[in-house]
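> Quick note, the sequence shown lines up with residues -34 to -1, 1 to 402 if you use mature numbering (1 follows the signal peptide of the UniProt record, and there is no 0). C-beta atoms are modelled at their ideal positions from N, C-alpha and C, and glycine is treated no differently.
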Amino acid sequence: MHSLSFSTKMSSLFLVYSLFALTILLLRPHSVRTECIPFHSLISCMYRMPAARDFDAHHSDIDVIIKEYSGHFRSDRSENRYQSPISSLQIQKSEILSMEPQFFARYSANGLQHLILNSVRGDLRLDEQTLGGLESVLKSLQVSDHELTDIKYLPSMKSLKKLSLVSTRLSSLPARFDELLSHLDNLDLMNNSLTTLPWKALAERVQSPQLQHIRLALNPWHCDCSMKPLLGLGPDAIKRIVGLICATPIELKERPFNSLTLEEICPEPQEPEKPIQELPGIEMAKNEEPQEEKEKHFNNVYPAQGREEEKFTDSLLPPVKPRELSRDQSQVATAGGTMSTEVIAVIVAVVVVLVIVVLAVVVYKVRQRNYKRQRDGSKQPSQKSTSYCHVVAHEPSDRPMRPPVGATLPEYGRDAEHTERQPLAHGYNNYRDNRL
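1) Helix, strand or coil for residue 174, going by three-state DSSP, please let me know.
2) Report the option in 207, 234, 190 and 340 whose CA atom is closest to the CA atom of residue 219.
3) Express the C-alpha separation of residue 41 and residue 95 in angstroms, rounding to a whole number.
4) Looking only at DSSP bridge pairs, what is residue 29 linked to?
5) Would residue 50 and residue 26 qualify as a contact pair, given that the criterion is a beta-carbon distance under 8 Å?
6) To the nearest angstrom, report how far apart residue -1 and residue 61 are at their CA atoms.
7) Any contact between the region 192 to 208 and the region 159 to 178? By contact I mean 3 or more CB pairs, one from each, below 8 Å.
8) Which residues in the same chain as residue 208 place their Cβ atom closer than 8 Å to its Cβ, once the five residues preceding and following it in sequence are excluded?
9) Expressed to the nearest angstrom, what Euclidean distance is found between the alpha-carbon atoms of residue 278 and residue 233?
10) What residues in its chain sit with their C-beta under 6 Å from that of residue 67, if we drop five residues either side in the sequence?
11) On a CA-only basis, which of 90, 82 and 125 is nearest residue 100? Give me that one, please.
12) In or out: residue 336 buried (at least 16 other Cβ within 10 Å) or exposed?
13) What are the boundary residues of the alpha helix (DSSP H) that includes residue 95?
14) Using beta-carbon positions only, say whether residue 75 and residue 57 come within less than 8 Å of one another.
15) Would the beta-carbon of residue 152 fall within 8 Å of that of residue 128?
16) Nearest-angstrom Cα distance between residue 13 and residue 32?
17) Do residue 130 and residue 154 have their C-beta atoms within less than 8 Å of each other?
18) Looking at residue 71 and residue 489, is the spacing between their C-beta atoms short of 8 Å?
19) Could you give the first and the last residue of the continuous alpha helix (DSSP H) run that contains residue 231?
20) Please confirm whether residue 111 and residue 133 have their CB atoms less than 8 Å apart.
21) Going by the DSSP bridge assignment, what does residue 132 pair with across the sheet?
Set out below in structure tokens:
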């Protein structure tokens, strides 16, 4: 028994000390560990940029990965880090507080071929200040999860083969984008706000065997007659275009471009609508005789009626010039009539629902009231007397029906307060059932 208590106490103390040590470890301030890990030709750095000592052991092309770094991006040529060029640079989940002009070219010793910028915050623009010096070197550029407002300098990248701009909120492309498209082998523009592309240049490029694919999904593309060059593509070329789905016009919404026809994207212009026919009264007013001849004819036929009646008759049919309704006005009038019908239908439906709800509430209230009346009536006595008289049958008595001579007869005076205590009639021996 004592050994069991001792082991229980030791277990409790061990648990308390363990919790105390764990609390101290959790509350102790931890310093952020910044390090760069080399692996063959790869240098992966966390929370900082590579220093000069990180490049000493490398004498060939280097791939650098920088993660979760927040600071200034500057290149110091006094350090001996540029003996070997950097061929690939990845910056992930970092914040750029500032960046010196042509940083990527200087930092990589003009050898940067692949640049990946993923979830980068801060001042980042794809202009000459950023990409200058890499026009004939950079082959692959990938930017994701970063808002881009200006990409006009991208057509100057003559050696670019792969371009990926995903989730960058792009709404338009530069005017010279067809020049860039002519030498791209891989294009990814997913999840942006683009509505159109140079479709003719794209149709020419997708027929090249060097092109791998063009991803265009998650963009509000407008399908119109400018997409006509895509309809004549062969099946192999069409497979290279991925995710091209119409968003506008409304009749083509969510339609893949390869399911469209020429009549749908290039509808024939409709004939102008005929002018509204003139009313008979208006036609009559236009073909009326001159005023002088009409007065002469009117006075000859109706001499008794004066000039005032004739003026009043003329005022009833004033000459009106016919007006042709334009196509847009006719469509508006038609749409207005349709909308009025829909609104009326909605109003009628709402009224019917409200009437049904009101009737249901009324029926429910009536049933509740009747139920309450029945319940109250079962608890309270009715107007009829609920008292019962229990008649008890007795054997006939041997005693004479009349009292003996000289006996005093009971008085049957009515007592208003104790009516139930009055004696019974003769013959019942003054017996009263106390249960009443």
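For this structure:
1) As a working note, residue 174 is residue 208 in the sequence shown. Looking at residue 174 - three-state DSSP - the assignment turns out to be coil, as it is neither helix nor strand.
2) Taking the sequence shown and counting its residues from 1, one reaches residue 219 at position 253. Ranking 207, 234, 190 and 340 by Cα distance to residue 219 puts 190 first.
3) As a position in the sequence shown, residue 95 is number 129, starting the count at 1. As a position in the sequence shown, residue 41 is number 75, starting the count at 1. Each residue's alpha carbon lies about 14 Å from the other.
4) Your numbering for residue 29 matches position 63 in the sequence shown. Per DSSP, 8 and 54.
5) What you label residue 50 is simply residue 84 of the sequence shown in a count that begins at 1. What you label residue 26 is simply residue 60 of the sequence shown in a count that begins at 1. Result yes, Cβ atoms of residue 50 and residue 26 sit closer than 8 Å.
6) Working through the sequence shown from its first residue, we reach residue -1 at position 34. Working through the sequence shown from its first residue, we reach residue 61 at position 95. Each residue's Cα considered, the two are about 16 Å apart.
7) yes
8) In the sequence shown, residue 208 corresponds to position 242, counting from 1. 179, 180, 181, 182 and 183.
9) By 1-based counting over the sequence shown, the position of residue 278 is 312. By 1-based counting over the sequence shown, the position of residue 233 is 267. Because residue 278 carries a pLDDT of 44, less than 50, the predicted location of this residue cannot be relied on, and the following value inherits that uncertainty. Their backbone Cα atoms lie some 53 Å apart in a straight line.
10) Sequence index remark: in the sequence shown, residue 67 carries index 101 (1-based). Answer for residue 67: 95, listed in chain order.
11) For this step, residue 100 is matched to residue 134 along the sequence shown. Closest option to residue 100, Cα to Cα, is 125.
12) Locating residue 336 in the sequence shown gives position 370, where the first residue counts as 1. Result: exposed.
13) As a position in the sequence shown, residue 95 is number 129, starting the count at 1. It spans 94 to 97 - the alpha helix (DSSP H) in which residue 95 sits, taken as one unbroken run.
14) Translated into positions along the sequence shown, residue 75 becomes position 109. Translated into positions along the sequence shown, residue 57 becomes position 91. Their beta carbons are not under 8 Å apart, which means residue 75 does not touch residue 57 by this criterion.
15) Position 186 of the sequence shown, counted from the first residue, corresponds to residue 152. Position 162 of the sequence shown, counted from the first residue, corresponds to residue 128. Cβ distance < 8 Å, so residue 152 and residue 128 count as in contact.
16) Taking the first residue of the sequence shown as position 1, residue 13 is located at position 47. Taking the first residue of the sequence shown as position 1, residue 32 is located at position 66. Straight-line Cα distance between these residues: approximately 7 Å.
17) Here residue 130 refers to the residue found at position 164 of the sequence shown. Here residue 154 refers to the residue found at position 188 of the sequence shown. Contact flag set, yes.
18) There is no way to answer for residue 489, as the model of the chain reaches only from -34 to 402.
19) For the purposes of this step, residue 231 is identified with residue 265 of the sequence shown, where counting begins at 1. First-last of the alpha helix (DSSP H) with residue 231: 228 to 231.
20) Start at 1 with the first residue of the sequence shown, and residue 111 comes out as number 145. Start at 1 with the first residue of the sequence shown, and residue 133 comes out as number 167. It is a contact, given that the beta carbons lie within the stated cut-off.
21) Position 166 of the sequence shown, counted from the start, is the residue given in the question as residue 132. Paired residue(s): 110.
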